[in-house]
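Only one structure is covered here, and it is reproduced in the block below.
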Amino acid sequence: KHCFTKSDDGYLYCEGVRVQDVMDIVERRPFYLYSKPQINRNFEAYREALGGLNSIIGYAIKANNNLKILEHLRMLGCGAVLVSGNELRLALKAGFDPKRCIFNGNGKLLEDLVLAAQEGVFVNIDSEFDLDNIVSAARIAGKKVNVLLRINPDVDPQVHAYVATGNKNSKFGIRNEKLQWFLDAVKAHPNDLKLVGAHCHLGSTITKAIDVAPLLLVGESVVDIFRDAAVLMVNYIDQIRDQGFEIDYLNIGGGLGIDYYHTGAVLPTPRDLIDTVRELVLSRNLNLIIEPGRSIIANTCCLVNRVTGVKTNGTKNFIVVDGSMSELIRPSLYGAYQHIELVSPSPPDAEISTFDVVGPVCESADFLGKDRELPTPNRGAGLVVHDAGAYCMSMASTYNLKMRPPEYWVEEGGSVAKIRHGETFEDHIRCFEGIRVIGTLDI
Ligand code: LLP
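For UniProt numbering, add 94 to where a residue sits in the sequence shown, where the first one is 1.
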């Protein structure tokens, strides 16, 4: 069951509510509209898949950091994956159990690591200097830190070229040949570090979702990658245990894709993903950590726009809407495809043409979709960009002073609640209040 469906009457519905009706009661545009029940269903798919395993679902907060959504995911039983001090603060504010939080990143700052140490979250070691900083943080906080080693699994790129990213030139994680150096370094700091696990993250779904659409259609190949990586990781875990470390956690990262193309293709599910590593995890008596972002939140949301007008230049037809790359940058930044449709039925005489759907931002890169077959919309018509729950609002900017939009969700029973205020012009002006000289330096 999917939350956004076009019904026979030609209207787009979100959990039984007409998106057009929501547009009629929301003043500001564009806005993000989520389905709360879809969040539940996505989470439930992971929870069910993980049955029989000791596990932590670490939701990757970078995908979407709406506080209400975080509180809801925490209430459902999620942990959190964090990549900055502020993401950690937000996770704590949302009530996440620090014992179910993992602090990731290749450039974690000492002050943020101190907070992580104080709160007792898991920390991934990413490099030599990172280890150094984690040791310093442990000393400053007066607490031993539970650490995982982020190892690039070096899944053979010849076999799975487009989906293998833990490669030797990655800026993240450590090379496996350095494993012994890191184990010795951890041993040298018995009062500051406790090695509890190994982590890998195979990479972003960006390329999978965009360049590798045909590969995604063969769902199997994507989960094979996870199995290949898990086999390697479990080998590392065996080696680490052989040296006397009692490590219990295997973290296989995130990265499961979603059906951005709306082709109805059968994609790997959380169950496919977990089943492919289940026996390995059980055979070593490990706790499994997973770090899904996109697959929890992307398909729960649309960016709802209003059509400002339609124009033609040269051979191109344009639908100009009020949303833009400021609110949703994935198409501009990655050439990502996100499905677009109108929220209400078009008049029978509306001509169907091929349009670029663009925003008002002063950049030729400002587009939400290219070459889309759509009925010519009237001014004021509603137009949605689908699968906008992940890496859209969290990557929004205020370019051209568009100001970040409000967010709403549809709840069970059809109520619509605002879950975030849109930023305002006044918010912008506030950044300039009370500014002053902070020092006079020698010249
Ligand atoms: N764990 C780690 C260590 C990560 O780096 C990421 C994402 C995740 C988990 C979550 O991955 P997911 O399940 O969401 O694929 N802005 C890009 C995506 C960047 C992903 C960064 N890392 C986009 O819009 O497609």
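C-beta atoms are modelled at their ideal positions from N, C-alpha and C, and glycine is treated no differently.
These figures come from a predicted structure and were not determined experimentally.
Of the residues the options, which one's Cα is nearest the Cα of residue i?
| i | options | result |
| --- | --- | --- |
| Ala-324 | Lys-265, Glu-373 and Val-120 | Glu-373 |
| Phe-412 | Arg-388, Thr-448 and Ser-389 | Thr-448 |
| residue 37 | Phe-320, Lys-281, Trp-275 and Asp-286 | Residue 37 lies beyond the stretch modelled for the chain, which goes from 95 to 537, so this question has no answer here. |
| Tyr-343 | Ile-391, Asn-399, Asp-318 and Arg-244 | Arg-244 |
| Leu-144 | Lys-187, Ala-282, Glu-385 and Phe-276 | Glu-385 |
| Asn-148 | Asp-521, Leu-376 and Pro-131 | Leu-376 |
| Lys-262 | Ala-475, Ser-221, Cys-456 and Asn-246 | Asn-246 |
| Pro-464 | Thr-470, Ser-491, Arg-498 and Pro-425 | It is worth fixing the name first, because residue 464 is Lys in this sequence and not Pro. Selected option, being the one with the closest Cα: Pro-425. |
| Ile-150 | Asp-118, Gln-432, Asn-393 and Arg-194 | Arg-194 |
| Val-280 | Asn-227, Asp-318 and Val-175 | Asn-227 |
| Leu-462 | Glu-445, Ala-392 and Tyr-431 | Tyr-431 |
| Gly-387 | Gly-104, Asn-160, Thr-99 and Asp-118 | Asn-160 |
| Gly-453 | Asn-494, Glu-467 and Leu-468 | Asn-494 |
| Asn-345 | Leu-273, Asn-379 and Leu-242 | Leu-242 |
| Ala-490 | Ala-157, Ser-129 and Val-510 | Ala-157 |
| Gly-179 | Ile-155, Tyr-428, Gly-171 and Arg-378 | Ile-155 |
| Asp-481 | Tyr-355, Tyr-428 and Glu-467 | Tyr-355 |
| Leu-427 | Asn-218, Thr-409, Leu-273 and Ala-459 | Ala-459 |
| Val-510 | Lys-130, Glu-467 and Glu-517 | Lys-130 |
| Lys-410 | Tyr-107, Gly-152 and Arg-466 | Arg-466 |
| Gly-189 | Thr-492, Met-169 and Ile-537 | Met-169 |
| Tyr-128 | Val-479, Glu-340, Ile-537 and Val-404 | Val-479 |
| His-433 | Tyr-153, Lys-288, Lys-162 and Asp-450 | Asp-450 |
| Ile-341 | Leu-287, Asp-369 and Ala-359 | Leu-287 |
| Ala-139 | Cys-108, Cys-172 and Lys-162 | Cys-172 |
| Arg-516 | Pro-499, Asp-191 and Val-531 | First, the residue type needs correcting, since residue 516 is Gly and not Arg in the sequence shown. Out of Pro-499, Asp-191 and Val-531, Pro-499 has the C-alpha closest to the C-alpha of Gly-516. |
| Trp-503 | Thr-406, Gly-528, Asn-393 and Pro-469 | Asn-393 |
| Leu-277 | Phe-339, Asn-218, Pro-471 and Asn-285 | Phe-339 |
| Leu-186 | Asn-329, Lys-162 and Asn-200 | Lys-162 |
| Thr-470 | Lys-512, Asn-399 and Lys-405 | Lys-405 |
Of all the CB atoms in chain D, is at least one closer than 8 angstroms to the CB of residue i?
| i | result |
| --- | --- |
| Asn-381 | Considering every chain present, this structure includes no chain D. It has just one protein chain. |
So does residue i have its beta carbon nearer than 7 angstroms to some heavy atom of ligand 3?
| i | result |
| --- | --- |
| Met-489 | Among the ligands in the structure shown, ligand 3 does not appear; only ligand 1 can be found there. |
Is it right to say residue i is buried, meaning 16 or more other beta carbons lie within 10 angstroms of its own, or is it exposed?
| i | result |
| --- | --- |
| Met-487 | buried |
| Cys-97 | buried |
| Pro-442 | exposed |
| Phe-125 | buried |
| Ser-101 | exposed |
| Glu-121 | exposed |
| Glu-501 | buried |
| Ala-255 | Because Ala-255 sits at a pLDDT of 38, beneath the cut-off of 50, its placement in the model cannot be relied upon, and the following sentence gives the value as read from the coordinates. Looking at its Cβ environment, which holds fewer than 16 other Cβ atoms inside 10 Å, Ala-255 is exposed. |
| His-295 | buried |
| Trp-275 | exposed |
| Gln-337 | exposed |
| Lys-265 | exposed |
| Phe-519 | exposed |
| Phe-223 | exposed |
| Asp-220 | buried |
| His-283 | buried |
| Leu-203 | exposed |
| Gly-507 | exposed |
| Cys-395 | buried |
| Met-117 | buried |
| Glu-142 | exposed |
| Glu-181 | buried |
| Ile-133 | buried |
| Asp-103 | exposed |
| Thr-99 | exposed |
| Gln-252 | Summary for Gln-252: the model assigns pLDDT 37, below 50, so the residue's position carries little reliability, and this model does not support an answer. |
| Met-327 | buried |
| Asp-332 | exposed |
| Phe-526 | exposed |
| Ala-359 | exposed |
| Thr-357 | exposed |
| Gly-417 | buried |
| Arg-530 | exposed |
Contact check, residue i vs residue j under 8 angstroms by CB: the rounded distance?
| i | j | result |
| --- | --- | --- |
| Val-401 | Arg-473 | 6 angstroms |
| Leu-167 | Phe-137 | 7 angstroms |
| Leu-382 | Leu-422 | Contact flag wrong, Cβ pair sits at about 33 angstroms. |
| Val-455 | Met-419 | 6 angstroms |
| Ile-352 | Ser-389 | 6 angstroms |
| Leu-176 | Asn-198 | 7 angstroms |
| Pro-362 | Leu-350 | 6 angstroms |
| Gly-483 | Ile-391 | 4 angstroms |
| Leu-477 | Val-415 | 5 angstroms |
TODO: Mind the definition here: the stretch 429 to 441 touches the stretch 109 to 117 only if three or more C-beta pairs lie below 8 angstroms; say whether that holds.
DONE: yes
Open item on the list: Could you check whether the stretch 228 to 243 touches the stretch 202 to 214, counting it as contact only if at least three pairs of C-beta atoms, one from each stretch, sit closer than 8 angstroms?
Closed with: yes
TODO: State whether the stretch 216 to 235 contacts the stretch 200 to 208, with contact taken as three or more CB pairs (one from each stretch) at a distance under 8 angstroms.
DONE: yes
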